[in-house]
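**Q**
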Amino acid sequence: MTTLLSAEWYKLWRGKVLHVILLCITAQISLQVFAEFYGGDSPMQGQYGVTMPAGMSFMMQLWFSAFVGYFIASEFPNGTMRNSLALGKYRTYVYVSKLFAACVAVAVIYLVSSIVATVGFSLAFGFGDMSLLEFARFFSWNYGMQVLFHWGFAALLTLIAFISRSPIMTVLVNLAYVIGMLALPTFLTALGYFDVYKCFPDYYVMFFENLSGDSAFIIHGAAMSVAYLVITCIIGCIVFKRTDIK
Amino acid sequence: MSEYVLRTRALSKKYGRDYAIQEINVEIKRGQIYGLIGLNGAGKSTFMRAVTGLVLPTGGEVELFGNTGDIALQRGRRRIGQSIETPAIYPNMTAEQNLEIQRIISGVPDKSTVKKTLESVGLADTGKKKAKNFSLGMKQRFSLATALITNPEFLILDEPANGLDPKGIIETRELLRRLAHERGLTLLVSSHLLDELAQVATHYGIIDKGKLVKQLSAEQLALETKQHVRIVTNDCAQAMALLKERFGITDCQAVSANELWVREQIHRTGEMNTMLVKHGIVVESIGVTEQRLEQYFMQLTGGGHA
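Written out as C-alpha cells, the structure is:
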C-alpha cells in the first residue's frame, strides 16, 4: 500500500495534469481579481480571499473533474493500470491510492486558489484589519472545512472515473452532475423536498459561507463527506474487483 | 519449491456467450521459454491477462510457483514481469520518470536500477524526450524495461518484437536468450514472427479459437516438422493412392489441393517421381524439404496468418 501511495505522490508532482490545472486556476482567479479591480461590484479584502473559491464552486468542481479524468481515468486507456495490478497489488489498495491522489489534489488546488485569491485581493483592495493570528484561524477553518466538503465530491469523481474508465467520459459525466446540481435546489424546493439536497456534498459547499457558524451544519457536512468517502470507496472497490483490465 | 512456474487447469474466460479462452491447460517449468502461438483473436492476450490477474477467469484455476488461491496467487504475481499488448506508459513523462514509477510501485529500493534497466534495453540516452514521442520500437523496449525492473523470475511478453526494426528484433532475441541463460528466467512469449520465435523457444503452445490445440517441446516440434518429400502434382488423391499401393507409404498428407507431403522413405524421391509419371500423374516439382514452424502452425489451425 505504501508503495502505491508513494507512486501516486510521485506522479502528482512529476506529472503535468496538476500543474496545468493549477496554472489555469491561477489565471482564472487573477482575471477575476482584475475584473473586480476595474469596475466589479463585489470588491473583497485580501483577508477573505480563502472564501473566494467557495463562491466559484461550479468552476472548482469542473477543475476537479478535469484532474480526476486526466489523472485517474486516463490510466485505463494508457494501460498503466496494468502495471500495478499485474504486480500482484490488491485492487482495493489500488483504488484507495487513487482516491488518496484525488484528495491530495483537491487540497492542493484549494490551497493554491485560496492563496492566489488572498494575495490578489490584498494587492487590489488591501488586506484588511485581521491580526495575523485571527487570519490564520479564519483561513485554516475555512480552508479545512471546504476541503473536507470537497473530498466527498472527489470521492464521487473517483468512483465515476473507475466506472467510465475514460477521461472524456469522466469529465462529461461530472459536467452533467455539476449542472444537475445547479438545477436541483430549485427543483426540490418546488416539490417541497429541499432537505434531499442536504444528502449531496454540494449543499455544504454552497451554504458554507452563510452557515459556517452553525455547528449542526458543520457536523452534518463533515459526516456527509466521510459517508461519501466510505460508501463510494466500498462501491468503487467492488466494481473495480469485477472489472477486466485491457 | 515447485518445478512449475505456471500451471493452468481448464482456464476459461467468457465474454457474453463467447469463450475468449476455453479450458486451457498449460504447464511451464522453470527455465523454459514457452512460445504461445495463435492467430489474432485466438486468445493469447486473454490467456496472459488471466494469468496476470488483469481479467477474471470465468472458470478453471491458475497456479503460480506452486501457489493457488487468491492471496497466494497475488503473492506469486509479485515475481512476474509483464508486457501485454500495447506498451503501458504515462505519455507526458520521460522514460526515466515512467520507470521510476514502476520502481516505486514494485518496492525496488535501489534507485540506480532505473538507469541500469534502461541501459539494458538501449533506452539510456532518451533524456528529456517524452514517452508520447517514442517510436513504437522504443515503446516496446520501454515496455520490456518495465517488465524487467522488478527483477522477475517469470517474464510474460506479448508480441515483444512488434514494431521493432530488424536490428531491434535481433537485439530483443539476444536479450531474451541472455535473460533465460544468465538469470535463469522463465519466459512466456507470444509472437507473430513464428520463425523468430522458433529461434528462442524451448516449448510451444498453439492456441486456436480460444483452445490450446497443441503443447510440445522444441524437440517434439523438430520431430513433427522433420524432413519430408514435398510433391506438387495435379492429382493428389491419385498420387496418394499410388504411393500407398507401390511403396506401402502410410504417412502421407495432402496439405493443399495440389501439394503432398510424404514423411516416409524420403531417400526414394527419384523412384517416387518415376512411378508417378509412369502412371500419368503430372509432377510439377518433387524434393526433400523441411517444414517451417509457420507451415506447421497453418497446418494445425487450418490456415490464416499468425
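First to last, the protein sequences are chains D and W.
The working numbering puts the first sequence at residues 913 to 1158.
The working numbering puts the second sequence at residues 13 to 318.
Backbone N, C-alpha and C fix where the C-beta goes; we use that ideal spot for every residue, glycine too.
Treat the numbers as computed from the prediction; the structure is a model and nothing was measured.
Could one say the Cβ of W/Tyr46 lies closer than 8 Å to chain D's Cβ atoms, at least one of them?
**A** No - not a single Cβ of chain D is within 8 Å of the one on W/Tyr46.
**Q** What does D/Lys928 touch in chain W if you count any residue whose Cβ is under 7 Å from its own?
**A** By Cβ distance, chain W contributes Asn104.
**Q** Taking beta-carbon pairs under 7 Å, can you tell me which members of the segment 159-192 of chain W lie near chain D?
**A** Correct list: Thr162.
**Q** Checking 8 Å against the spacing of the C-beta atoms, do W/Gly55 and W/Pro164 come in under that value?
**A** Against a cut-off of 8 Å, the Cβ pair of W/Pro164 and W/Gly55 comes out as no contact.
**Q** Hey, is W/Thr20's beta-carbon within less than 8 Å of any beta-carbon in chain D?
**A** W/Thr20 does not count as touching chain D.
**Q** Within a Cβ cutoff of 7 Å, which residues of the same chain sit near W/Ile261, ignoring the five residues on either side of it in sequence?
**A** The answer, listed in chain order, is Leu255, Val274, Glu276, Gln277.
**Q** Of the residues that make up the segment 125-137 of chain W, which ones have a beta carbon closer than 9 Å to any beta carbon in chain D?
**A** From the segment 125-137 of chain W, no residue has a Cβ closer than 9 Å to chain D.
**Q** How about D/Gly991: is its C-beta nearer than 8 Å to some C-beta of chain W?
**A** At least one chain W Cβ lies under 8 Å of D/Gly991.
**Q** Between W/Ser118 and chain D, is there a C-beta pair that is closer than 8 Å?
**A** It does: the Cβ of W/Ser118 has a partner Cβ on chain D nearer than 8 Å.
**Q** Only counting the same chain, and skipping five residues up and downstream in sequence, which positions put a Cβ closer than 7 Å to that of D/Lys1153?
**A** Closer than 7 Å at Cβ, skipping near neighbours: Arg1003.
**Q** Report the rounded CA-to-CA distance for W/Lys140 versus D/Phe1120, giving the unit in angstroms.
**A** The alpha-carbon atoms of W/Lys140 and D/Phe1120 are separated by roughly 45 Å.
**Q** Give, in chain order, every unbroken run of the alpha helix (DSSP H) that is at least 4 residues long and sits entirely within the segment 1060-1101 of chain D.
**A** Entirely contained in the segment 1060-1101 of chain D, not one alpha helix (DSSP H) run reaches 4 residues.
**Q** What is the rounded straight-line gap between the Cα of W/His193 and the Cα of W/Leu199?
**A** Going by the C-alpha atoms only, they are around 11 Å apart.
**Q** Are W/Thr80 and W/Lys25 close, meaning C-beta to C-beta below 8 Å?
**A** Going by C-beta atoms, W/Thr80 is not nearer than 8 Å to W/Lys25.
**Q** In chain D, which residues lie with their C-beta within 8 Å of the C-beta of W/Val67?
**A** Within chain D, the residues near W/Val67 are Asp1156, Ile1157.
**Q** Should the segment 122-130 of chain W be regarded as contacting the segment 62-76 of chain W, the criterion being three or more beta carbon pairs within less than 8 Å?
**A** Judged by Cβ distances under 8 Å, the segment 122-130 of chain W makes no contact with the segment 62-76 of chain W, as fewer than three pairs qualify.
**Q** If you measure from the beta carbon of W/Thr198 to each beta carbon in chain D, is any gap under 8 Å?
**A** Taking Cβ atoms only, chain D never reaches closer than 8 Å to W/Thr198, which makes this a no.
**Q** Does any CB atom of chain W fall closer than 8 Å to the CB of D/Ser910?
**A** Because chain D in this structure spans residues 913 to 1158, residue 910 of chain D falls outside the shown range and cannot be described.
**Q** Does W/Lys179 pass the burial test, meaning 16 or more other C-beta atoms within 10 Å, or should it be called exposed?
**A** Label assigned to W/Lys179: exposed.
**Q** Using a Cβ-Cβ cut-off of 8 Å (strictly less than) and excluding sequence neighbours within five positions of D/Gln957, which residues of its own chain qualify?
**A** Counting only Cβ-Cβ distances below 8 Å, and skipping sequence neighbours, we find Phe1033, Ser1034, Phe1037, Gly1038, Phe1039, Gly1040.
**Q** Taking the continuous alpha helix (DSSP H) assigned at D/His1132, which residues delimit it?
**A** Segment 1127-1153, the alpha helix (DSSP H) holding D/His1132.
**Q** Only counting the same chain, and skipping five residues up and downstream in sequence, which positions put a Cβ closer than 6 Å to that of W/Val349?
**A** No answer is possible for residue 349 of chain W: it lies beyond the span of chain W, which begins at 13 and ends at 318.
**Q** Give a yes or no on whether 8 Å exceeds the smallest Cβ distance from W/Gln114 to chain D.
**A** Cβ-Cβ to chain D under 8 Å: yes for W/Gln114.
**Q** When we look at the beta-carbon of W/His317 and count the other beta-carbons within 10 Å, is it buried (16 or more) or exposed?
**A** Residue placement at W/His317 cannot be trusted, given a pLDDT of 47 that sits under 50; the coordinates are not used to answer.
**Q** Going along the chain, which residues of its own chain have a beta-carbon closer than 7 Å to the beta-carbon of W/Glu39, five neighbours each way excluded?
**A** Cβ within range, chain order: Tyr16, Arg19.
**Q** Between D/Ser942 and D/Lys1110, what straight-line distance do the alpha-carbon atoms span, to the nearest angstrom?
**A** Between D/Ser942 and D/Lys1110, the C-alpha separation is close to 32 Å.
**Q** By the three-class DSSP mapping on this structure, what secondary structure does W/Thr262 have?
**A** Coil, per DSSP.
**Q** I want to verify the contact list: residues of chain W whose CB lies under 8 Å from the CB of D/Leu1011, in sequence order.
**A** By Cβ distance, chain W contributes nothing, its closest Cβ being about 17 Å from D/Leu1011, past 8 Å.
**Q** If I'm right that D/Thr1082 touches D/Gly981 with Cβ under 8 Å, what's the distance once you round it to whole angstroms?
**A** Yes, D/Thr1082 and D/Gly981 are in contact; Cβ-Cβ is about 4 Å, under 8 Å.
**Q** Taking only three categories from DSSP, how would you classify W/His204?
**A** Coil.
**Q** Given a cut-off of 8 Å on the beta-carbon distance, is the pair D/Ala1014 and D/Ser1076 in contact?
**A** Not in contact: D/Ala1014 and D/Ser1076 (Cβ atoms no closer than 8 Å).
**Q** When you compare the CB of W/Ile278 with every CB in chain D, is at least one pair closer than 8 Å?
**A** Not an interface residue.
**Q** Just verifying my parser: in three-state terms, what is the DSSP assignment at W/Lys142?
**A** Residue state, collapsed to three classes: strand.
**Q** Going by alpha carbons, who is nearest to W/Ser14 out of W/Gly78, W/Gly50, W/Gly43, W/Lys151?
**A** Nearest of W/Gly78, W/Gly50, W/Gly43, W/Lys151 to W/Ser14, Cα basis: W/Gly78.
**Q** Skipping 5 residues on each side, what residues in its chain have a beta carbon closer than 7 Å to that of D/Val1018?
**A** Cβ neighbours of D/Val1018 beyond the five flanking positions: Phe976, Val1059, His1062, Trp1063, Ala1066.
**Q** On the three-state DSSP scale, how would you describe W/Asn79?
**A** Three-state DSSP puts W/Asn79 in a strand.
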